[in-house]
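Peer 1: Following this message is one structure expressed as structure tokens.
Number of protein chains: 2
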Amino acid sequence: MTITDQKPAHNDRAPEDRAQIIREHFRNAIIERRLAPGTKLSESEVGGLFDVSRTVVRSALQMLALEGLVRSERNRGAFVATPSPEEARQIFAARRLVEPGMAAAACDRVDPADIAALKRHLRGEASLMTERGPSARRAEIRASGEFHLLLASVAGNDILYRFLEELTARSSLVIALYGRSGASSCGHDEHESIVVALEAGNAQRAAKLMLQHIDHIEADLDLRLTEGLPLSEALHLP
Amino acid sequence: MTITDQKPAHNDRAPEDRAQIIREHFRNAIIERRLAPGTKLSESEVGGLFDVSRTVVRSALQMLALEGLVRSERNRGAFVATPSPEEARQIFAARRLVEPGMAAAACDRVDPADIAALKRHLRGEASLMTERGPSARRAEIRASGEFHLLLASVAGNDILYRFLEELTARSSLVIALYGRSGASSCGHDEHESIVVALEAGNAQRAAKLMLQHIDHIEADLDLRLTEGLPLSEALHLP
DNA sequence: TTGGCAGAGATTGTATCCAATCTTTGCTAT
DNA sequence: ATAGCAAAGATTGGATACAATCTCTGCCAA
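Protein chains in written order, with the numbering used here: chain D, 1 to 238; chain S, 239 to 476.
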């Protein structure tokens, strides 16, 4: 897998902030696992692909580094992040801390239009699960994370939304590295039951289901592998 | 108040990442309210003060913008952020969601050395409260936020620590704008009682006290003032 | 054969230069 | 006198050029 998989942005109607556009392209590529952890992101190469100078590429890479999606080493370059098992644990600990309360908050503010949007999303997830092929798989991974973001937007807190954007994206990296079953589709009906709780206005139940859901995602990980072997991280390099 | 209050970094033993150094200087200046919300941060001027090119200043400002401490307007420049009342509410909502659980987590992982560090911090806060002068006030504001960060480091989750760094810094801006009593010292004994709960290993009580503490900080704010008057934000400019 | 060293090539870090945009100032016409 | 407009100045956005650092390759010696 190389960064050449990345489609260049055609800037015909986007005169504003090209760095942001590049950032989003990489974000999507990382979430959908078209870019493997550890992939080198050369400034010149990226600049060539998007037809911009290194200046704007550096800006995009800096944003991605602050989000934890990219690891940037001085005088060495930028690489798609490879979260350690410890980092993975912290990511899910943060999600366990934030998301149940957020689901409860969403429950208090949800309106019929939100419910409709959530159900529409569930139908999309379901139809993706029936499709075959790697493209559908990618879309499924992506949709699974977006459910959590949709919930965050219902809760109506931009700051938490941004935080969860970071956490879900990094979770995708973690699942790519340590996921056992490969597909993270296991949780679809859990999404569904959370929406049911939301529709019923049962905040406590929504929070509890969300906590269980996160636990299930984390339970599918195998974080033992490189445990206590700091040098083994390097062995992941192709 | 101008950005000239900022002391330049002498880079004699810091050959690495000057942008990071500049970022931290601004972070501290904003937290300690030496830089007022809305202050213009001109790239040339900052570059002159730190004796670096605009390139590295831009990098620092971009980091600060992503943290929410600086608002960056295209072709206009960067300004110290002026959080809206709604933004302030979201910041404290996020803190209410995160910090009680974090206090509980800290309770489970705390060791005697942590307790000692926390008590040392409390003594520092107490002694600052007795001192007079704006310098002591600044240090007090800063120390008050650092208590929460200290707790986050006890909880041992780097990701939450970074998130809370952002939230406490932005809270400082909010208090500068909407704080009623000016001094945020009101909460010192609350810090103390949280440490007591921690020492007793009572996680539930620590969480409850933390929630109350955040509520008290927020209760000192007056968020009505500019409510519903979008244009009044501009009137804050000197 | 293996270890180390040196130099070439490649890549990042920073400064500077030019273009685009905004702001201000001063003039003109109503 | 005031509103509108235009040109000059200032500031940011982006590209390029140069410096610093790293990596890789090949040679030499043990």
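Using N, Cα and C, we set each Cβ at its ideal position, and we do this for glycine too.
Quick caveat, the model's predicted, so the values are computed rather than measured.
1) Does the Cβ-Cβ distance between A331 (chain S) and N157 (chain D) come in under 8 Å?
2) Would DSSP call S470 (chain S) helix, strand or coil?
3) Output, in chain order, the set of chain D residues within a Cβ distance shorter than 8 Å of E254 (chain S).
4) Just to confirm the assignment: which complete alpha helix (DSSP H) runs, minimum length 4, are found wholly within the region 365-435 of chain S?
5) Is the beta carbon of A390 (chain S) less than 8 Å from the beta carbon of G362 (chain S)?
6) What do you reckon, are the CB atoms on L61 (chain D) and V52 (chain D) nearer than 8 Å?
7) Would you mind stating whether V80 (chain D) and L160 (chain D) have Cβ atoms separated by less than 8 Å?
8) Using the DSSP secondary-structure output, state which residues sit across from L279 (chain S) in a beta bridge.
9) Would you check if the distance between the CB atom of R109 (chain D) and the CB atom of L211 (chain D) is smaller than 8 Å?
10) Compare the Cα-Cα distances from D460 (chain S) to each of S:V284, S:A326, S:F401, S:D427 and report the closest residue.
11) Judging by CA-CA distance, which residue of S:V284, S:L302, S:I259, S:K446 is the nearest neighbour of R408 (chain S)?
12) Does V290 (chain S) come out as helix, strand or coil in the three-state DSSP assignment?
13) By the 7 Å beta-carbon criterion, what residues does the region 151-175 of chain D contribute toward chain S?
14) Could you please tell me which residues of the region 59-74 of chain D, in chain order, have their CB closer than 9 Å to any CB of chain S?
15) Starting from V70 (chain D), trace the beta strand (DSSP E) in both directions and tell me its first and last residue.
16) Would you mind stating whether K119 (chain D) and V174 (chain D) have Cβ atoms separated by less than 8 Å?
17) Which of the three DSSP states is assigned to L223 (chain D) in this structure?
18) Would you verify that the beta carbon of Q328 (chain S) is, or is not, closer than 8 Å to some beta carbon of chain D?
19) Can you grab the Cα-Cα spacing for the pair A113 (chain D) / R224 (chain D), in whole Å?
20) DSSP state of D215 (chain D), grouped into three classes?
21) For Q204 (chain D), does the count of other Cβ atoms within 10 angstroms reach 16, so buried, or fall short, so exposed?
22) How would you list, in chain order, the residues of chain S whose beta-carbon sits under 8 Å from the beta-carbon of V98 (chain D)?
23) For a contact defined as C-beta to C-beta under 8 Å, what are the partners of G383 (chain S) on chain D?
24) Would you say M102 (chain D) reaches chain S, if we count a Cβ-Cβ gap shorter than 8 Å as a contact?
25) Excluding five sequence neighbours on each side, which residues of the same chain lie with their C-beta closer than 6 Å to the C-beta of V57 (chain D)?
26) So A331 (chain S) contacts chain D; which residues on that side make the cut at Cβ distance below 7 Å?
27) What do you get for S410 (chain S), buried or exposed, if any count of 16 or more other CB atoms within 10 angstroms of its CB means buried?
28) Along the chain, where does the alpha helix (DSSP H) containing D346 (chain S) start, and where does it finish?
29) Please classify E73 (chain D): is it buried, with 16 or more other beta-carbons within 10 angstroms of its beta-carbon, or exposed?
30) Would you kindly work out how many angstroms separate the C-alpha atoms of P323 (chain S) and I31 (chain D), rounded to a whole number?
31) Within its chain, find whatever has a CB closer than 6 Å to the CB of I35 (chain D); leave out the 5 residues flanking it on each side and keep chain order.
32) So what does DSSP say about L202 (chain D), is it helix, strand or coil?
33) According to DSSP, is A36 (chain D) helix, strand or coil?
34) Determine the direct distance from the alpha carbon of H121 (chain D) to that of A136 (chain D), and round the result to whole angstroms.
Peer 2: According to the structure shown:
1) Taking the C-beta atoms as reference points, N157 (chain D) is found nearer than 8 Å to A331 (chain S).
2) Because S470 (chain S) carries a pLDDT of 42, less than 50, the predicted location of this residue cannot be relied on, and no value is offered for it.
3) Chain D residues near E254 (chain S): R74.
4) DSSP runs (the alpha helix (DSSP H)) wholly in the region 365-435 of chain S: 372-393, 396-416.
5) No. Outside cutoff.
6) Their beta carbons are not under 8 Å apart, which means L61 (chain D) does not touch V52 (chain D) by this criterion.
7) Against a cut-off of 8 Å, the Cβ pair of L160 (chain D) and V80 (chain D) comes out as no contact.
8) Answer is S:A316, bridged to L279 (chain S).
9) No.
10) D460 (chain S) has its Cα closest to that of S:A326, out of S:V284, S:A326, S:F401, S:D427.
11) For R408 (chain S), the nearest C-alpha among the options comes from S:L302.
12) Three-state result, V290 (chain S): coil.
13) For the region 151-175 of chain D, residues whose beta-carbon sits nearer than 7 Å to a beta-carbon of chain S comprise N157, D158, I159, L160, F163.
14) Under the 9 Å Cβ criterion, the region 59-74 of chain D contributes S59, Q62, M63, L66, E67, G68, R74.
15) 70-73 is the extent of the beta strand (DSSP E) around V70 (chain D).
16) If you check the CB distance, K119 (chain D) and V174 (chain D) do not come in under 8 Å.
17) In this structure, L223 (chain D) counts as coil in the three-state DSSP scheme.
18) Chain D, which has a Cβ nearer than 8 Å to the Cβ of Q328 (chain S), makes this yes.
19) A113 (chain D) and R224 (chain D) have their C-alpha atoms some 43 Å from each other.
20) If DSSP states are grouped into helix, strand and coil, D215 (chain D) belongs with the helices.
21) Exposed, by the Cβ-count rule.
22) For V98 (chain D), the neighbours in chain S by C-beta distance under 8 Å run, in chain order, L335, V336.
23) Here the premise fails: no neighbours, minimum Cβ distance about 17 Å.
24) Cβ-Cβ to chain S under 8 Å: yes for M102 (chain D).
25) Excluding positions up to five away in sequence, the list reads E43, V46, G47.
26) Result: N157.
27) So S410 (chain S) ends up on the buried side.
28) Unbroken alpha helix (DSSP H) run through D346 (chain S): 323-347.
29) Looking at its Cβ environment, which holds fewer than 16 other Cβ atoms inside 10 Å, E73 (chain D) is exposed.
30) If you take the alpha carbons of P323 (chain S) and I31 (chain D), they lie about 33 Å apart.
31) Before going on, a small fix: residue 35 (chain D) reads as Leu here, not Ile. Result list for L35 (chain D): A29, V80, in chain order.
32) This sequence places Asn at residue 202 (chain D); Leu is not what is there. Looking at N202 (chain D) - three-state DSSP - the assignment turns out to be coil, as it is neither helix nor strand.
33) In the three-state scheme derived from DSSP, where H, G and I count as helix and E and B as strand, A36 (chain D) is classed as coil.
34) Roughly 15 Å between the two C-alpha positions.
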